[in-house]
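Input: a single structure, listed below in C-alpha cells.
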Amino acid sequence: MAAEDSDMEKTEDASPKRLEKAREDGDIPRSRELAACAVLFTSGMAIMMLGRPMGEALQNVLRQGLRFDQAMAFEPELLIVHLLKVLEQIAWAFLPLAVIMVASAIAAPVLVGGWVMTQKSLVPNFGKLNPIKGFGNLFSKNSLVELVKSVAKTVLVASVGYTIVRKDLQPMLGLSNMPLESGIHAINDYMMTGFLTIASALVLIAVIDVPYQLYQYAQKHKMTKQELKDEAKESEGSPEVKGRIRQQQREMARRRMMSNIPTADVVITNPTHYAVAVRYKEGENGAPIVVAKGVDTIAQKIKEIAAEHEVMVLESPKLARALYAHTELEREIPQTLYAAVAEILAYVFQLRVFRQHGGVRPAMPDNVPVPDALDPHALVATPPSATDIE
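The sequence shown runs 6 to 395 under the working numbering.
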C-alpha cells in the first residue's frame, strides 16, 4: 500500500515530453512583474532618446495647428477638418514612442519562458467558470503570493510617485506659466524620470518573482513515478516499432563500419567465413584496433571494399576466428592476441617497405601464435550465423 501511495505522489521532475506538451498547449512560465519592468524601462529609455525630437514636433503642431482663420468660425466643417489634421500630426509625432512601447509589451514576456504561438490558448476553457473551483483558488498559496505582490507594487509605485511629486511639486504647478518649449521639455523629463524610477523599483519585485514563477511551473508539472513509467512505455512503442528501430540502428552501424575499412592496415580472413579489419597507428593507438568485422556475406563485402582501397587481405583462419569472437568494434584487441597480430602487422609494414624500396621480400608469417582457448572452432563446431555482424 505504501508503495502504491509513493507511485501516486508527484515527486519526479517533468520529462522533456511533458514540458513540450505543456508548451504546445501554451502553458509556459511567465513573470508579469519582469514584463512590466521591461516595458517601463524601455519606455523611459525611448523617451530619453526620442523626447527632444518629439517635443519639437509637438511644438510645431501646436503653434501651427492652433491658429484659426475667420472662415473656420463660420464653417464648422473646416474647423473639424483642421482639428483632425492636428490630431493626425500629433499621432505621427508620438508614433515612434508608441511603436517602441507596443513592441516592448509584446517582446517582454519572452524574457521568461520564451516565445510560443498556439491556438489552444485561444480556445475557451469553461472549466475555469466553475464557481466551486474558483472559490477554492481564492484561498490558494498562489493567490496569497499574488496578493502580496500586488500590495508591494502598490506601495512601491505610490512611494515613487509621492517622492517625485513632492520633489517637483512647485515646478509642476508652474508648467502652465512656462514657455511652450520649456514646458514640453519639462514634461518629457518628468515622464522619463517616472518611468525609469518605477522600473527600477519593480526590479526588486521581479528579482523575487522570476525564480518563484519558475519554481511554481516546475511544481505544477511534476509527475508521479507511474506517469514516468507509462510515458516511457508509450515512447518505446510497440515491439514492431522497436524492432524497426533496432534494424535501422544495425544498418547505420554497418554503414559506419564499412566506411572505416579503407583506414585499416590489413584484413585478416579464414578465408571463407570470417573477415576482421585491423588498424594500428604508432603513437596514436596503444594497441591495434578492430575497425570492421563480419561473417559470410558481410565478410565478403569487407574483402571487396578492402580490395577497392588496396588494403592488404591475409589469410590466417585461427587468428581471424579469435579476433571475431573476442573483440569489439573500435576497441583494442585483447593482450592474449598481441603477439599474433604483431606478426601480421610486422609483415604488412615490411611488405610496404619492400614494394617501395625493394630489397629482400619478407616471408609471410605461418602458424601465428593463437591460444586454442580463443578459437571458437576449438570449442564449438557449429559455424556462426550469417546475419551476425558483431
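Beta carbons are placed, not taken as given, at the ideal position from N, Cα and C, and that holds for glycine.
Since we're looking at a predicted model, the values are computed, not measured.
Among the candidates the options, whose CA atom is the shortest distance from the CA of residue i?
{"i": "D270", "options": "Q355, M228, K90, H226", "result": "Q355"}
{"i": "I349", "options": "H331, L324, V358, A330", "result": "L324"}
{"i": "L201", "options": "G49, K26, P376", "result": "G49"}
{"i": "A157", "options": "G199, S181, P176, A211", "result": "A211"}
{"i": "E287", "options": "A347, L161, S109", "result": "A347"}
{"i": "A113", "options": "P34, Q69, P322, K15", "result": "P34"}
{"i": "L334", "options": "R357, S264, R28, E93", "result": "S264"}
{"i": "L55", "options": "L24, D194, V165", "result": "D194"}
{"i": "T315", "options": "A345, N290, I266", "result": "A small correction: the amino acid at residue 315 is Glu; Thr does not occupy that position in the sequence shown. It is I266."}
{"i": "K308", "options": "L63, E337, M262", "result": "M262"}
{"i": "V296", "options": "D32, R259, P101, S321", "result": "R259"}
{"i": "Y217", "options": "L161, V170, H190, E151", "result": "E151"}
{"i": "G291", "options": "K90, P339, V300, A103", "result": "P339"}
Return the CA-CA distance between residue i and residue j, expressed in angstroms with no decimal places.
{"i": "V318", "j": "G248", "result": "35 Å"}
{"i": "R366", "j": "F359", "result": "6 Å"}
{"i": "L83", "j": "V66", "result": "17 Å"}
{"i": "L180", "j": "L219", "result": "46 Å"}
{"i": "V86", "j": "I95", "result": "14 Å"}
{"i": "T274", "j": "R251", "result": "28 Å"}
{"i": "G363", "j": "V353", "result": "14 Å"}
{"i": "A312", "j": "P293", "result": "21 Å"}
{"i": "G199", "j": "E29", "result": "38 Å"}
{"i": "F46", "j": "M197", "result": "9 Å"}
{"i": "M53", "j": "Q64", "result": "17 Å"}
{"i": "A391", "j": "R357", "result": "At A391, the pLDDT of 42 sits below 50, so the modelled position is not reliable and the matter cannot be decided from this model."}
{"i": "I105", "j": "A43", "result": "12 Å"}
{"i": "V373", "j": "A345", "result": "5 Å"}
{"i": "V215", "j": "E232", "result": "28 Å"}
{"i": "T229", "j": "E236", "result": "11 Å"}
{"i": "D380", "j": "K26", "result": "54 Å"}
Taking DSSP's pairing of strands, which residues face residue i in a bridge?
{"i": "K15", "result": "T229"}
{"i": "V281", "result": "I273, K298"}
With a floor of 3 residues, list each beta strand (DSSP E) that falls wholly inside the stretch 244-276, ordered by position along the chain.
Listed in chain order, the complete beta strand (DSSP E) runs (minimum 3 residues) inside the stretch 244-276 are 271-274.
Go through the stretch 284-345 residue by residue and report every complete run of the beta strand (DSSP E) that reaches 3 residues or more, in order.
Counting only runs that start and end inside the stretch 284-345, the beta strand (DSSP E) elements of at least 3 residues fall at 294-300, 317-320.
Any chance the stretch 266-286 sits against the stretch 325-345, with 3 or more Cβ pairs inside 8 Å?
Below 8 Å, enough C-beta pairs join the stretch 266-286 and the stretch 325-345 to call them touching: three or more.
Would you mind listing the alpha helix (DSSP H) stretches within the stretch 191-222 that are 4+ residues and don't spill past its ends, in chain order?
Here no run is fully enclosed.
Cβ contact (3+ pairs, closer than 8 Å) linking the stretch 219-237 and the stretch 14-21:
The stretch 219-237 is in contact with the stretch 14-21.
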